[in-house]
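Structure first, then comments.
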Amino acid sequence: MKIAIIHYDLSMRTGAQRLVLGMGNAMKEIGHDIAYFTSIYDENKAFKEFEKENLISFDGKRDFFGRFRGLTAYRESRKMIEKCRKEFNPDLYIFSSNYYLASEYNPSMIYCHHPEQLLVNNGDIVRKILHVPIDRAEKKGFQKTDRILCNSQFTSNVIKRTFQRSSTILFPGVDTERFSFSNIEENFILTVNRIMPGKNLEFAIDIINNITKSRKDIKLIIAGTKQIGFEWYIQSLENKIRELKLEKFIEIKIDVSDKNLIELYKKCIIFLYTPIEEHFGIAPIEAMSCGKPVIAFSKGGPKETIQHEKTGYVLEDNITLWEEKIINLLEDKEKRTDMGIMARERVVNNFSWDVFTKKLEKCLQELSN
Numbered sequence: 411m412k413i414a415i416i417h418y419d420l421s422m423r424t425g426a427q428r429l430v431l432g433m434g435n436a437m438k439e440i441g442h443d444i445a446y447f448t449s450i451y452d453e454n455k456a457f458k459e460f461e462k463e464n465l466i467s468f469d470g471k472r473d474f475f476g477r478f479r480g481l482t483a484y485r486e487s488r489k490m491i492e493k494c495r496k497e498f499n500p501d502l503y504i505f506s507s508n509y510y511l512a513s514e515y516n517p518s519m520i521y522c523h524h525p526e527q528l529l530v531n532n533g534d535i536v537r538k539i540l541h542v543p544i545d546r547a548e549k550k551g552f553q554k555t556d557r558i559l560c561n562s563q564f565t566s567n568v569i570k571r572t573f574q575r576s577s578t579i580l581f582p583g584v585d586t587e588r589f590s591f592s593n594i595e596e597n598f599i600l601t602v603n604r605i606m607p608g609k610n611l612e613f614a615i616d617i618i619n620n621i622t623k624s625r626k627d628i629k630l631i632i633a634g635t636k637q638i639g640f641e642w643y644i645q646s647l648e649n650k651i652r653e654l655k656l657e658k659f660i661e662i663k664i665d666v667s668d669k670n671l672i673e674l675y676k677k678c679i680i681f682l683y684t685p686i687e688e689h690f691g692i693a694p695i696e697a698m699s700c701g702k703p704v705i706a707f708s709k710g711g712p713k714e715t716i717q718h719e720k721t722g723y724v725l726e727d728n729i730t731l732w733e734e735k736i737i738n739l740l741e742d743k744e745k746r747t748d749m750g751i752m753a754r755e756r757v758v759n760n761f762s763w764d765v766f767t768k769k770l771e772k773c774l775q776e777l778s779n
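Counted the way my numbering counts, the sequence shown spans residues 411 to 779.
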């Protein structure tokens with residue numbers, strides 16, 4: 411079967427783009443002919459693996475003079491998919507974004523990271539009004555598509571509540587060979603995220619500010635991709651670090667290569683994940699795959715991936731509690747080791763690409779029947 415995987419912007423290296431790449435690899439392993447459709451692609455910023463793939467790109471715009479990203483994507487995506495359709499003519503469209511197109515191109519399947527209309531709920535009133543036609547089209551896409559997959563029970567509940575449709579949970583996978591187990595430890599705590607508001611990175615800075623008052627032997631590394639339009643946020647974090655005089659204890663690493671990122675995972679002593687309601691969160695399972703205990707909030711996807719007190723901790727929004735758990739782990743190597751071993755086992759058994767591929771194959775068979 412010829413399958414098109416649609417994702418509007420492949421010029422970033424985040425969990426969504428990694429999922430798209432992994433899904434394509436899984437389908438090729440099953441025996442399907444795959445093409446990636448995208449409107450924005452920059453090989454210098456994207457995952458290098460895409461360079462070897464059948465990737466059909468429409469030279470689209472990300473925004474209109476720095477604004478109207480949603481409306482621009484809504485308009486440009488139709489041009490993109492028409493160009494791609496003529497060049498590939500797929501038997502099945504899989505939408506990893508631009509869900510509003512799923513009602514127009516059939517047969518279709520949605521892989522939902524999170525409904526796009528809910529991502530603008532906190533925007534200003536003008537933005538919400540401008541998004542009304544997009545939201546209506548997205549609702550139609552979810553209602554008319556042939557099958558919905560999603561990344562977590564958290565997202566599945568949101569889909570049911572928003573669109574009255576059931577969905578199949580298909581957790582994103584991790585390359586467990588590349589993200590291999592490591593018992594190496596260096597004296598740093600790691601957090602990995604897109605560096606943008608909403609990832610709650612200030613919380614990690616505040617934790618380190620408190621811990622370093624009594625311990626001077628630990629530091630925090632914040633690693634992540636720069637999000638276009640939010641460059642100012644990096645500056646705000648750097649300002650906060652300077653104001654708290656934490657330059658010796660906190661380092662921000664931007665757009666780290668895959669090779670270097672994996673090395674950070676393997677060498678960190680503890681992994682922190684600070685988004686409060688992340689829809690899934692690939693970084694925690696990458697850290698777990700490398701045998702590291704993970705601490706995250708007890709909401710959203712991480713609550714499903716991390717086993718509390720076995721592979722790490724899922725905690726309430728209480729900075730004192732986070733500090734206590736971190737200090738306990740820093741002082742108890744045996745507990746860190748035990749948690750790391752269980753974390754690795756959990757990823758291999760539940761979040762590997764092999765597990766993903768088997769479940770995806772079953773979904774495709776059910777769809778074709």
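Cβ atoms here follow ideal geometry from the backbone N, Cα and C, with glycine treated the same way.
### Task
Following the continuous beta strand (DSSP E) through isoleucine 705, name the residue where it begins and the one where it ends.
Against the sequence shown, residue 705 aligns to sequence position 295. Annotation: the continuous beta strand (DSSP E) that includes isoleucine 705 extends over 704 to 707.
### Whole beta strand (DSSP E) elements within the region 486 to 515, 3-residue minimum
List check, beta strand (DSSP E) in window: 502 to 505.
### Task
Give the single residue among Ser449, Lys438, Tyr521 whose Cα lies nearest to the Cα of phenylalanine 690.
The count along the sequence shown starts at 1 and reaches residue 690 at position 280. Checked all of Ser449, Lys438, Tyr521; the closest Cα to phenylalanine 690 is Tyr521.
### Task
Can you have a look at arginine 754 and say buried or exposed, based on whether 16 or more other CB atoms are within 10 angstroms of its CB?
Residue numbering aside, residue 754 sits at position 344 when the sequence shown is read from its first letter. It counts as buried.
### Query
Under 7 Å, do proline 582 and leucine 429 count as touching if we go by C-beta distance?
Your numbering for residue 582 matches position 172 in the sequence shown. Your numbering for residue 429 matches position 19 in the sequence shown. Their beta carbons are under 7 Å apart, which means proline 582 touches leucine 429 by this criterion.
### Task
For glycine 634, write down the residues that DSSP places opposite it in a beta bridge.
Taking the first residue of the sequence shown as position 1, residue 634 is located at position 224. Per DSSP, Ile664.
### Message
Can you list, in chain order, the residues of its chain with a C-beta nearer than 6 Å to that of lysine 455? Leave out the 5 residues immediately preceding and following it.
### Response
Numbered from its first residue, the sequence shown carries residue 455 at position 45. Short of 6 Å from the beta carbon of lysine 455, and not among the five residues preceding or following it, lie these beta carbons of its own chain, in chain order: Ser421.
### Task
Name the one or two DSSP bridge partners that alanine 414 has.
Taking the first residue of the sequence shown as position 1, residue 414 is located at position 4. Per DSSP, the beta bridge partners of alanine 414 are Ala445, Tyr503.
### Task
Work out the CA separation of isoleucine 716 and phenylalanine 564 for me, nearest whole Å.
One-based indexing of the sequence shown puts residue 564 at position 154. One-based indexing of the sequence shown puts residue 716 at position 306. Just so you know, the alpha carbons of phenylalanine 564 and isoleucine 716 end up roughly 14 Å apart.
### Query
In the structure shown, what three-state DSSP assignment does methionine 422 receive?
Numbered from 1 along the sequence shown, position 12 holds the residue referred to as residue 422. The three-state secondary structure of methionine 422, taken from DSSP, is coil.
### Query
Using 8 Å as the Cβ pair cut-off and three pairs as the minimum, do the region 590 to 599 and the region 546 to 557 touch?
No contact exists between the region 590 to 599 and the region 546 to 557.
### Task
Grab me the residues of glutamate 802's own chain with a C-beta within less than 8 Å of its C-beta, minus the 5 sequence neighbours each way, in chain order.
Examination of residue 802 is not possible in this model, given that the chain is present from 411 through 779 alone.
### Task
Using three-state DSSP, classify methionine 752 as helix, strand or coil.
Position 342 of the sequence shown, counted from the first residue, corresponds to residue 752. For methionine 752, the three-state secondary structure derived from DSSP is helix.
### Query
So is histidine 523 buried or exposed if we call it buried at 16+ other beta carbons inside 10 Å?
Taking the first residue of the sequence shown as position 1, residue 523 is located at position 113. A residue is called buried once 16 or more other Cβ atoms fall within 10 Å of its Cβ, and histidine 523 is buried on that count.
### Query
To the nearest angstrom, how far is it from the Cα of glutamate 687 to the Cα of lysine 663?
Position 277 of the sequence shown, counting from 1, holds the residue named residue 687. Position 253 of the sequence shown, counting from 1, holds the residue named residue 663. For glutamate 687 and lysine 663, the distance between alpha carbons rounds to 24 Å.
### From Glu497, Pro525, Ile491, residue whose alpha carbon lies closest to that of asparagine 516
As a first step, residue 516 is located in the sequence shown; it is residue number 106 there, counting from the start. The residue with the shortest Cα to Cα distance from asparagine 516 is Ile491.
### Query
Across which residues does DSSP place methionine 519 in a beta bridge pair?
Taking the sequence shown and counting its residues from 1, one reaches residue 519 at position 109. Paired residue(s): Ile504, Arg557.
#### Entry: Selection from Ile638, Thr684, Val568, Leu511 that minimises the alpha carbon distance to asparagine 603
Along the sequence shown, read from residue 1 onward, the residue named residue 603 stands at position 193. In this structure, Thr684 is the residue among Ile638, Thr684, Val568, Leu511 with its C-alpha nearest to the C-alpha of asparagine 603.
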